[in-house]
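For the sequence shown, this note's numbering begins at 1 and goes up steadily by one. Idealized CB from N, CA, C, for every residue including glycine. Computed from a predicted structure; not experimentally measured. Below: the structure, in structure tokens.
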Amino acid sequence: MLLASHHSLPNIGTFAIYRYPFTPMTNTLSQQDIDIITNQLGRSPSGIKAIAHYSPSGIPQVLEMETWVFDQPFPTLYWLSSKAIDKALAKIESQGVVKELEQRIKEDDMLLEAYHQSHQDYITRRWAVMSPDHKAIIEKKGFKPLFEKLGIGGIANWDQVRCLHMQYAHHLAGNNVIGRILDDEYNIRAIADAE
1 MLLASHHSLP NIGTFAIYRY PFTPMTNTLS QQDIDIITNQ LGRSPSGIKA
51 IAHYSPSGIP QVLEMETWVF DQPFPTLYWL SSKAIDKALA KIESQGVVKE
101 LEQRIKEDDM LLEAYHQSHQ DYITRRWAVM SPDHKAIIEK KGFKPLFEKL
151 GIGGIANWDQ VRCLHMQYAH HLAGNNVIGR ILDDEYNIRA IADAE
């Protein structure tokens, strides 16, 4: 689905703001989903609201998290649960790619704009799926400005990438330019689709 016009970005070629074919989210976790997630995380899951993205073969890959967990604000909406994607991204991170991407963002105004749009998409999605009870708690306790400012994975400085895992989780569930770069330049989508 095309959501905006094409842009030409130095170092990443031409892209469009899009998302992969929609994978229906489910608010009901099956016992099989819970078992798979427990194995992926190495612990019993908590704070999960839904599965935000499944692999083509039905393996949970991205979890949609509650915004209020253990009586604390939790601004991370999407949590990558896939072991295969986690391993691939950890290898890329160890090669210094986060710093390289941050440098590219500094040098490329169009990439910077697209990345800031990714942060805004994350904030918009987080508010859209937040339960009325959690909205009330967050507002009552004075955390609303925090949830309006913190972007992908709780990033305050929208020019920082910080972690490829949270960027890619958002990519699979939403609209994230860093995730598209990871697909285009590191073929992460092939790993996701093979799971």
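Given a length threshold of 3 residues, each whole run of the beta strand (DSSP E) inside the region 64-135 is given here in chain order: 78-80. Linking I51 to Q61 through their CA atoms gives a straight-line distance of about 8 Å. Selection Y168, V129 and P145 evaluated against E66 yields V129 as nearest (Cα-Cα). In the structure shown, P60 adopts extended strand secondary structure according to DSSP, grouped into three states. A156 sits in coil when the DSSP states are folded into three classes, being neither helix nor strand.
When the five nearest sequence neighbours on each side are left out, the beta carbons in the same chain lying within less than 8 Å of the beta carbon of D183 are those of H171 and R189, in order along the chain.
In the three-state reduction of the DSSP assignment, K144 falls in the helix class, which pools H, G and I. Of all C-beta pairs linking the region 143-160 to the region 72-84, three or more are shorter than 8 Å, placing the two stretches in contact.
In the DSSP assignment, A50 forms a beta bridge with E64.
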